[in-house]
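First up is the structure itself, then whatever we jot down about it.
Residue numbers (the working numbering), protein chains in the order written: chain G, 19 to 127; chain P, 2 to 117.
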């Protein structure tokens, strides 16, 4: 099956700093989403982004499908950004969604 | 439009009992996934269902676990004779192809199973 790797596995930021999270996948996809799992366990949709670039406030994401990676940018980080960020992908056609290993982010005041 | 609804949110079972977790997908969604998340780990695919059909159950343990998504009513994940290793968060997700948001999948808030 498709392999999804995320980096870095752990990240500690000072409040106000910027960061880039990466997601590499091993095969072509027609569905890629970024999720934030907050400290209470809720999974929050951030972006549906199988290709191209999207922005939502301080967050933006870019997927280069031909090179099989996606990036999530967090600018001016806040303590509420803490949690685990997951990339999830599904290959063309069939929609089994595979999650990456996650990036655990801690933003300190 | 209500989101994906899961219940119960928290469930405690003794070893050997049965656990039933329910998931009502978003309105108009006919595809449901179940994922399991062990403490400090990522989400692992268990099963993918459409109404009245199991499409892919390659992530389901061969014994004690079963899932259904009947024509009427919620999807059910059933765990028989629970063991301590079944303690985890179980997430349900749903999606509908052809929506304006593409094939976006939406997750419920999870059901936390604790086996004592």
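Even glycine gets a Cβ: it sits at the ideal position worked out from N, Cα and C. All values reported here derive from a predicted model rather than from experimental measurement.
With 9 Å set as the bound, which would you pick, yes or no: does the beta-carbon of residue i sit closer than that to a beta-carbon of chain G?
i                      : result
residue 59 of chain P  : yes
residue 32 of chain P  : yes
residue 108 of chain P : yes
residue 90 of chain P  : yes
residue 120 of chain P : Residue coverage of chain P in this structure runs from 2 to 117, which leaves residue 120 of chain P outside it and unanswerable.
residue 35 of chain P  : no
residue 2 of chain P   : Residue confidence for residue 2 of chain P is low, a pLDDT of 49 falling below 50, so the modelled location carries little weight and cannot support an answer.
residue 20 of chain P  : no
residue 52 of chain P  : no
residue 111 of chain P : yes
residue 12 of chain P  : no
residue 74 of chain P  : no
Residues in the same chain with beta-carbon distance under 8 Å from residue i, minus the five sequence neighbours each way, listed in chain order, please.
i                    : result
residue 2 of chain P : Any reading at residue 2 of chain P must be qualified, since the residue scores a pLDDT of 49, below 50, and its modelled position is unreliable; the value itself is stated next. Contacts found: 27 and 28.
Flag residue i as yes if its beta-carbon sits less than 9 Å from any beta-carbon of chain P, otherwise no.
i                      : result
residue 117 of chain G : yes
residue 83 of chain G  : no
residue 60 of chain G  : yes
residue 74 of chain G  : no
residue 63 of chain G  : yes
residue 70 of chain G  : no
residue 108 of chain G : yes
According to DSSP, simplified to helix, strand and coil, what is residue i?
i                      : result
residue 64 of chain P  : coil
residue 109 of chain P : coil
residue 29 of chain P  : coil
residue 28 of chain G  : strand
residue 87 of chain P  : helix
residue 69 of chain P  : strand
residue 85 of chain G  : helix
So the candidates are the options; which of them puts its Cα closest to the Cα of residue i?
i                      : options                     : result
residue 111 of chain P : G:62, G:25 and G:99         : G:62
residue 32 of chain P  : P:115, P:116, P:39 and P:75 : P:75
residue 114 of chain P : P:95, P:84, P:94 and P:108  : P:84
residue 53 of chain P  : P:39, P:71 and P:36         : P:71
residue 120 of chain G : P:18, P:42 and P:11         : P:42
residue 21 of chain G  : G:94, G:91, G:103 and G:86  : G:86
residue 82 of chain G  : G:45, G:26, G:124 and G:34  : G:45
residue 71 of chain G  : G:80, G:65 and G:64         : G:80
residue 15 of chain P  : P:93, P:82, P:91 and P:94   : P:82
residue 5 of chain P   : P:13, P:24, P:55 and P:17   : P:24
residue 59 of chain G  : P:97, P:55 and P:10         : P:10
Which residues does DSSP list as the beta-bridge partners of residue i?
i                      : result
residue 121 of chain G : G:103
residue 72 of chain G  : G:79
residue 45 of chain P  : P:37
residue 109 of chain G : G:47
residue 23 of chain G  : G:42
residue 51 of chain P  : P:32 and P:54
residue 1 of chain P   : In the structure displayed, chain P extends from 2 to 117; residue 1 of chain P sits before or after that span and is not available.
Does any heavy atom of the ligand FAD sit closer than 8 Å to the C-beta of residue i?
i                     : result
residue 35 of chain P : Summarising the ligand content, the structure contains no ligands, and the ligand FAD is consequently not present.
Identify, in the order they occur along the chain, each residue of the same chain with its Cβ nearer than 6 Å to the Cβ of residue i, setting aside the five sequence neighbours on each side.
i                     : result
residue 39 of chain G : 90, 103 and 121
residue 30 of chain G : 124
residue 19 of chain G : none
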